[in-house]
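Read the structure below first, then the notes.
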Amino acid sequence: MGNNDKEEPPTGQIMVDDVFPENIKDEVADIVTSNEEIEESLILDEPLNGPNVEKCTEEELEKAENLSISNNDILQNITALSAKIDSLNQLFSEKIPDMEYKGKIIDQMHKELQKYKDDIYSQVLRQVLLDIIEVRDSILRITDFYLKKPAGEQDIPNETFAGYALDIQDILEKNGVEIYESSPGDSFSPVKQRVIKKIVTGNSELHGKVAESLSCGYDYNGRTISTEKIAVYYYEEPAEIITEDNTEMVQNG
95 MGNNDKEEPP
105 TGQIMVDDVF
115 PENIKDEVAD
125 IVTSNEEIEE
135 SLILDEPLNG
145 PNVEKCTEEE
155 LEKAENLSIS
165 NNDILQNITA
175 LSAKIDSLNQ
185 LFSEKIPDME
195 YKGKIIDQMH
205 KELQKYKDDI
215 YSQVLRQVLL
225 DIIEVRDSIL
235 RITDFYLKKP
245 AGEQDIPNET
255 FAGYALDIQD
265 ILEKNGVEIY
275 ESSPGDSFSP
285 VKQRVIKKIV
295 TGNSELHGKV
305 AESLSCGYDY
315 NGRTISTEKI
325 AVYYYEEPAE
335 IITEDNTEMV
345 QNG
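Each residue of the sequence shown is one higher than the one before, starting from 95 at the first, in my numbering.
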């Protein structure tokens with residue numbers, strides 16, 4: 095064989111090269127190299143009873159002691175927290191019946207207050223009803239009195255009817271009701287008045303003003319409970335009156 099001839103690789107090597115790609119072969123070579131380095135380092139290490147081992151053992155013991163101290167602190171904190179929780183539970187156990195009792199007292203006071211309000215309302219309403227009953231009985235007595243008179247004398251005078259209105263007015267005012275009535279020419283107030291009728295006027299200044307009060311208004315505690323019924327002025331331009339003289343003037347013109 096000449097010098098230029100290359101040495102053929104073994105047959106087994108050829109089969110490995112054919113089966114495994116280059117990248118896998120490289121990885122295998124790296125692993126082998128790494129294992130060899132580990133073996134060398136293990137051979138060169140000092141015996142297990144060397145100074146490094148003693149140093150490592152002391153560090154581990156110190157860490158273990160620190161860990162034990164830390165665990166003791168945590169245990170103490172947990173114990174203290176558990177004691178506080180027990181104290182809080184005991185406090186709740188003592189307060190809950192007291193809260194239930196207070197709740198019952200509040201409910202009872204609320205019921206009593208509502209009953210008191212109802213009683214006051216009933217007393218006020220009762221007094222109003224008694225006053226109205228008294229007026230009704232008075233009307234019946236006057237009616238019976240005039241019915242017993244002769245036929246020509248049975249008419250009840252207007253003064254008597256006006257007296258009934260005054261009796262009812264006394265009842266209303268005694269219970270806080272204010273009666274109001276506007277005068278002709280007053281300004282219209284939509285909150286306190288309601289227009290029932292319109293009266294045409296040729297005076298533009300009276301437009302929207304009160305012409306007449308048809309019934310009184312009533313306020314209670316500063317609020318209107320019954321509006322005043324009124325008639326108001328409504329302005330319309332006067333229509334031109336056509337006379338015979340005006341017609342002749344138009345024809346001659």
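Think of the CB as a built atom: it goes at the ideal place given N, C-alpha and C, for glycine as much as any other residue.
Can you grab the Cα-Cα spacing for the pair Glu247 / Ile227, in whole Å?
As a position in the sequence shown, residue 247 is number 153, starting the count at 1. As a position in the sequence shown, residue 227 is number 133, starting the count at 1. Per the coordinates, the alpha-carbon of Glu247 lies some 27 Å from the alpha-carbon of Ile227.
Is the number of C-beta pairs between the stretch 304-319 and the stretch 277-285 that are closer than 8 Å three or more?
With the rule of 3 Cβ pairs closer than 8 Å, the stretch 304-319 counts as touching the stretch 277-285.
Rounded to whole angstroms, what is the Cα-Cα separation between Glu188 and Lys196?
The residue given as residue 188 occupies position 94 in the sequence shown. The residue given as residue 196 occupies position 102 in the sequence shown. Per the coordinates, the alpha-carbon of Glu188 lies some 13 Å from the alpha-carbon of Lys196.
Using the C-alpha atoms, what's the distance from Glu331 back to Gly347?
The count along the sequence shown starts at 1 and reaches residue 347 at position 253. The count along the sequence shown starts at 1 and reaches residue 331 at position 237. Reliability fails at Gly347, whose pLDDT of 45 lies under 50, so the model's placement of it is uncertain and no value is given.
Using CA atoms only, rank isn't needed, just tell me which of Arg230, Leu266 and Phe186 is closest to Ser320.
Position 226 of the sequence shown holds residue 320. Of the candidates Arg230, Leu266 and Phe186, the one whose C-alpha sits nearest the C-alpha of Ser320 is Leu266.
Report the three-state DSSP secondary structure of Ser276 (helix, strand or coil).
Counting from one through the sequence shown, the residue named residue 276 turns up at place 182. Of the three classes helix, strand and coil, the one that applies to Ser276 here is coil, per DSSP.
Helix, strand or coil: which one does DSSP assign to Gly246?
The residue you call residue 246 lines up with position 152 of the sequence shown. Helix at Gly246.
Identify whether Thr237 lies in helix, strand or coil by the three-state DSSP scheme.
Numbered from its first residue, the sequence shown carries residue 237 at position 143. Three-state result, Thr237: helix.
For my contact list, Ala325 and Ile273 are in at a C-beta cut-off of 8 Å; report their separation, rounded to the angstrom.
Your numbering for residue 325 matches position 231 in the sequence shown. Your numbering for residue 273 matches position 179 in the sequence shown. That pair is no contact at about 19 Å.
Can you check the stretch 265-321 for any alpha helix (DSSP H) of at least 4 residues that lies completely inside it and give the ranges in chain order?
Inside the stretch 265-321, DSSP marks no whole alpha helix (DSSP H) run of 4 or more residues.
Rounded straight-line distance, which links the Cα of Ser277 to that of Ala333
On the sequence shown, residue 333 is found 239 positions in, with the first residue counted as 1. On the sequence shown, residue 277 is found 183 positions in, with the first residue counted as 1. Going by the C-alpha atoms only, they are around 29 Å apart.
So what does DSSP say about Ala325, is it helix, strand or coil?
For the purposes of this step, residue 325 is identified with residue 231 of the sequence shown, where counting begins at 1. The answer is strand: DSSP assigns Ala325 an E or B state.
Give me the Cα-Cα distance between Asp212 and Leu175, rounded to the nearest whole angstrom.
Position 118 of the sequence shown, counted from the first residue, corresponds to residue 212. Position 81 of the sequence shown, counted from the first residue, corresponds to residue 175. Here the alpha carbon of Asp212 sits roughly 53 Å from the alpha carbon of Leu175.
Spatial neighbours of Tyr314 in its chain, beta-carbon cut-off 7 Å, leaving aside the 5 residues before and after
Stepping through the sequence shown from its first residue, residue 314 is reached at position 220. Excluding positions up to five away in sequence, the list reads Gly270 and Val271.
Tell me the DSSP secondary structure of Glu330 in three-state form.
As a first step, residue 330 must be located in the sequence shown, where it is residue number 236. The three-state reading of DSSP puts Glu330 in coil, since its state is none of H, G, I, E or B.
Out of curiosity, what's the CA-to-CA distance linking Thr318 and Glu299?
Position 224 of the sequence shown, counting from 1, holds the residue named residue 318. Position 205 of the sequence shown, counting from 1, holds the residue named residue 299. Taking the straight line from one Cα to the other gives about 28 Å.
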